[in-house]
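All remarks here apply to the structure that follows.
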Amino acid sequence: MSAAQRNVVAGLVLLAIAIALPFVLPGRYVIGQLTLFFIWATVVTQWNLVFGVAGIFSLAQMAIFAFGGYATAMVGLYGGWNLWLALPVGALAAVVFSLVVGLACLRLKGPYVALLTLAIAQGMYLLIITDTACFTMEGVTCRNFTGGTRGLAKYGDFGFREWLGYSYMAFGDYYLALGVLVLATAFSMFLMFGPIGAAFQALRDSPEYAMARGVSRFKFQMLVFASSAFFTGLAGGVFAGYYKVMGANTLYLSPLLFLLAMMVVGGLGRTWGPLVGAAALMLADEALKDFPEYRFMGVGAALVLFVMLWPRGIVGAVEAIGQRLQKRRSEPGGTSIRQH
Amino acid sequence: MDTTTQIIISGLTLGAMYAISTVSLSLIWGALNVLNMAQGALLTLGGYAAYTASAALGLNAPLAILATVVAGGLFGIAMYALVVRHMLDREGFEVNVIIATIGIGMVLEAGLQKLYGAYPIRQPLTVEGGFFIGNVYVPFNSVIIVLTSAALMLALAAVLARTRMGRAIRAISQNRDAARLMGVPVELVYAQVFALAGGLSAASGIMLSTITTLAPTMGYDPMLKAFIICVVAGLGNVMGALYAAFLLGLFESTVQFALGVRFAFISMLLLVIIVLIWRPHGLFGRTRVTKL
């Protein structure tokens, strides 16, 4: 089996387990946490494309997510659209937003990109929480365009309650989030193992030759940056429909760093890194549930430790062990060629 | 007339505060080519350390400030010795150091919150009172901030220009390998740079906390502004960072007056984006020919 085929088989096995899980698991809480896991894992797979594969150190991922979520909520609220129709609109809005951010940042080099994207996220946060102008009147109270500090609400939902009834409505959100994650993962694999992955590998291995052959770094970076924003924005829309409130707390620093830790702990640029990292961090966060003051500290400590000791993350560490075992088994001097 | 005076006074105060942060970021970038994302937490550390030194230990103001600067310097050294040193020259260290310093900042911030609680505390070192220029009230606190900042910047300029350590720092910024071959103890100088930057940031944190209040997250917003100023000036250019800090401080206070506080940050952001499109290496940055 080739590397791509192995990944597809592994993905299908995981998918079968995920589909069966809600029928086996007890309780709404676990299903809710898994739904959240799918949403975060979707964002991390796309961030991994931007950061791990295309090498853009962008910290705007949660801003793109929030943009998608807000756009979805606003189309539902002000346009009166059904949220199912608002979802793709929100995702496309996130793509447009990401194009603008990309045009402003992507000609710059590494650390400049990190600083600017972080500043853009903060600028968006500040604009939302300081929004006090009246946009519409709701009875006698005035509502801001962005919802201000209170956030947006009452923009409808996906209607799972009517379709599936009260006891099964959580299943609807669960499968919707899972579906988005599957699409996002398939898309990221398509990019990693397809021509775009090859282009970035060429740019990494021999930049002079790649550029001489007409592989433009800027063009491919823009392409990855904009297309990964689609699923990130879609995840934002699902988040908005699932929580029924869209607020500026998605733009706080802590969720951004939580997701960054998922990517780093899982393994930057690795195919399964985002999923492994998201699962590890969600489990660790669950374990620290009774000690909330150590949650933030734990994420910070995980970032430092992994970057120092295991810069390739859990997936990279496991791969290294696998390679060592394989080498021991094969003849001395024999090399194994592996794609990641 | 009064408006202009008001804008200039608040712009100078902001600029003086940003200048120190920006210069410490620039020092580290210039010498090691890495970005210190724990800067915000270092500012917070400075604010709380001064609070502890003066309120809990009962030190007088100069001693409390000295103790704070020493604490910041020690934290800087610890950061270098325990984390950053082990990552330099490894594959992808630019990005890895950014991630690691983000982590350090998170741990420090959470630790301070655990120690002091999340509620804002007033900085006891704040100086009360003020005087009038025309109809404009000038707090003594602002005057002290501008003067202290100017004194610190002059001292730093003297250290960089005249001392052995300053020469070594500049040599390493220009060409690390050549400096090493000439016998400059690179590792030691790196530690000194972190100590300097840590001490300066702590001092900046005290100033910041006298204007706002002490809170675990107080360093984040000023850190982002310091980043923006660094980018405008060109990363690693210490003198450029100083000019840009005052320039952007004045710009911010003008925008705050003309458009409202709400648009201050976003206008600074737009300004930096325009500057970068025009000059990708910043206003004072040297354009370098980079090899692939």
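Heads up: the protein sequence lines correspond to chains A and B, in order. Every letter in the first sequence is one number past the one before it in numbering that gives the first Met the number 0, and letter 166, counting from 1, is 165. Every letter in the second sequence is one number past the one before it in numbering that gives the first Met the number 0, and letter 46, counting from 1, is 45. Where is the CB? At the ideal position from N, CA and C, for every residue including glycine.
Please report whether the beta-carbon of residue 136 of chain A lies at a distance below 8 Å from any beta-carbon of chain B.
Translated into positions along the first sequence, residue 136 of chain A becomes position 137. So, not an interface residue.
Using only the alpha-carbon positions, how far apart do residue 106 of chain A and residue 168 of chain A sit?
Here residue 106 of chain A refers to the residue found at position 107 of the first sequence. Here residue 168 of chain A refers to the residue found at position 169 of the first sequence. Rounded to whole angstroms, residue 106 of chain A to residue 168 of chain A spans 46 Å at the Cα level.
Tell me the DSSP secondary structure of residue 337 of chain A in three-state form.
Residue mapping note: residue 337 of chain A aligns to position 338 of the first sequence, counting from 1. At residue 337 of chain A, the pLDDT of 49 sits below 50, so the modelled position is not reliable; the number obtained from the coordinates is stated separately. Coil.
Given this structure, state the Cα-to-Cα distance separating residue 130 of chain A from residue 148 of chain A, to the nearest angstrom.
Counting from one through the first sequence, the residue named residue 130 of chain A turns up at place 131. Counting from one through the first sequence, the residue named residue 148 of chain A turns up at place 149. So the alpha carbons of these two residues sit roughly 8 Å apart.
Tell me which residues of the region 287-319 of chain A have at least one Cβ-Cβ distance to chain B shorter than 7 Å, keeping chain order.
Result list: 292, 295, 296, 298, 299, 300, 302, 303, 306, 307, 310.
Roughly how many angstroms separate the alpha carbons of residue 295 of chain B and residue 162 of chain B, rounded to a whole number?
Residue numbering for chain B in the displayed model covers 0 to 291; residue 295 of chain B lies beyond these limits and cannot be assessed.
Since residue 137 of chain A is in the beta strand (DSSP E), which residue starts that stretch and which ends it?
Numbered from 1 along the first sequence, position 138 holds the residue referred to as residue 137 of chain A. Taken as a continuous stretch (DSSP letters only), the beta strand (DSSP E) holding residue 137 of chain A covers 135-137.
Which residues of the region 113-127 of chain A have a Cβ closer than 8 Å to any Cβ of chain B? Give them in chain order.
Those would be 113, 114, 115, 117, 118, 119, 121, 122, 125, 126, in chain order.
Step through the CB atoms of chain A and report whether any lies within less than 8 Å of the CB of residue 10 of chain B.
What you label residue 10 of chain B is simply residue 11 of the second sequence in a count that begins at 1. For residue 10 of chain B, the answer is no, since every Cβ of chain A falls outside 8 Å of its Cβ.
Skipping 5 residues on each side, what residues in its chain have a beta carbon closer than 6 Å to that of residue 176 of chain A?
Here residue 176 of chain A is taken as the residue at index 177 of the first sequence, counted from 1. Hits under 6 Å: 34, 37, 38, 237.
If the criterion is Cβ atoms closer than 8 Å, does the pair residue 50 of chain B and residue 120 of chain B meet it?
Looking up residue 50 of chain B in the second sequence gives position 51. Looking up residue 120 of chain B in the second sequence gives position 121. For residue 50 of chain B and residue 120 of chain B, yes; Cβs fall inside 8 Å.
Quick check on this structure: which residue in B:235, B:171, B:279, B:283 has the alpha carbon closest to the alpha carbon of residue 23 of chain B?
Numbered from its first residue, the second sequence carries residue 23 of chain B at position 24. The shortest C-alpha separation from residue 23 of chain B is found at B:235.
I'd like to confirm the pairing. Which residues does DSSP put opposite residue 140 of chain A in its beta bridges?
In the first sequence, residue 140 of chain A corresponds to position 141, counting from 1. Paired residue(s): A:137.
Quick one, are the C-beta atoms of residue 350 of chain A and residue 187 of chain A less than 8 Å apart?
Chain A is shown from 0 up to 339; residue 350 of chain A falls before or after that span and cannot be answered.
Using a Cβ cut-off of 8 Å, pull out every chain A residue sitting near residue 226 of chain B, in sequence order please.
The sequence position of residue 226 of chain B within the second sequence is 227, counting from 1. Per Cβ cutoff of 8 Å: 114, 117, 118.
Give the DSSP bridge partners of residue 292 of chain B, in chain order.
In the structure displayed, chain B extends from 0 to 291; residue 292 of chain B sits before or after that span and is not available.
Using the beta-carbon count (16 or more within 10 Å), is residue 273 of chain A buried or exposed?
For the purposes of this step, residue 273 of chain A is taken as residue 274 along the first sequence, with counting starting at 1. Residue 273 of chain A comes out buried.
Do you know offhand how far residue 87 of chain A's Cα is from residue 232 of chain A's?
Against the first sequence, residue 87 of chain A aligns to sequence position 88. Against the first sequence, residue 232 of chain A aligns to sequence position 233. One C-alpha to the other measures close to 9 Å.
CB-CB under 8 Å to residue 122 of chain B, same chain, minus the five flanking residues each way: which ones, in chain order?
What you label residue 122 of chain B is simply residue 123 of the second sequence in a count that begins at 1. Excluding sequence neighbours, residue 122 of chain B sits near 46, 49, 50, 205, 208, 209, 212, 213.
Taking only the alpha-carbon atoms, compute the straight-line gap between residue 89 of chain A and residue 78 of chain A and give it to the nearest angstrom.
On the first sequence, position 90 is the one that residue 89 of chain A refers to. On the first sequence, position 79 is the one that residue 78 of chain A refers to. Those two C-alpha atoms are separated by around 12 Å.
So for residue 245 of chain A, helix, strand or coil by DSSP?
Here residue 245 of chain A corresponds to residue number 246 of the first sequence, with the count starting at 1. In this structure, residue 245 of chain A counts as strand in the three-state DSSP scheme.
Give the residues from the region 97-113 of chain A that approach chain B closer than 7 Å (Cβ to any Cβ), ordered along the chain.
Flagged, chain order: 103, 106, 107, 109, 110, 111, 113.
Using a C-beta to C-beta distance shorter than 8 Å, which residues of chain B count as neighbours of residue 129 of chain A?
Taking the first sequence and counting its residues from 1, one reaches residue 129 of chain A at position 130. Here the neighbours are 260, 261.
From residue 93 of chain A to residue 58 of chain B, what distance separates their C-alpha atoms?
For the purposes of this step, residue 93 of chain A is taken as residue 94 along the first sequence, with counting starting at 1. For the purposes of this step, residue 58 of chain B is taken as residue 59 along the second sequence, with counting starting at 1. Whole-angstrom Cα-Cα distance: 53 Å.
Taking only the alpha-carbon atoms, compute the straight-line gap between residue 231 of chain B and residue 318 of chain A and give it to the nearest angstrom.
Counting from one through the second sequence, the residue named residue 231 of chain B turns up at place 232. Counting from one through the first sequence, the residue named residue 318 of chain A turns up at place 319. Cα to Cα, the separation comes out at about 42 Å.
Candidates A:137, A:5, A:151: which alpha carbon is nearest residue 249 of chain A's?
On the first sequence, residue 249 of chain A is found 250 positions in, with the first residue counted as 1. Checking every option, the nearest Cα to that of residue 249 of chain A belongs to A:151.
Kindly indicate which three-state DSSP category residue 74 of chain B falls into: helix, strand or coil?
Here the question's residue 74 of chain B lines up with position 75 in the second sequence. Note: residue 74 of chain B maps to helix in three-state DSSP.
For residue 283 of chain B, I'd like the list of residues in its chain whose CB is within less than 6 Å of its CB, leaving aside the five on either flank, ordered along the chain.
As a first step, residue 283 of chain B must be located in the second sequence, where it is residue number 284. Taken in chain order, the residues that qualify are 232, 233, 236, 239.
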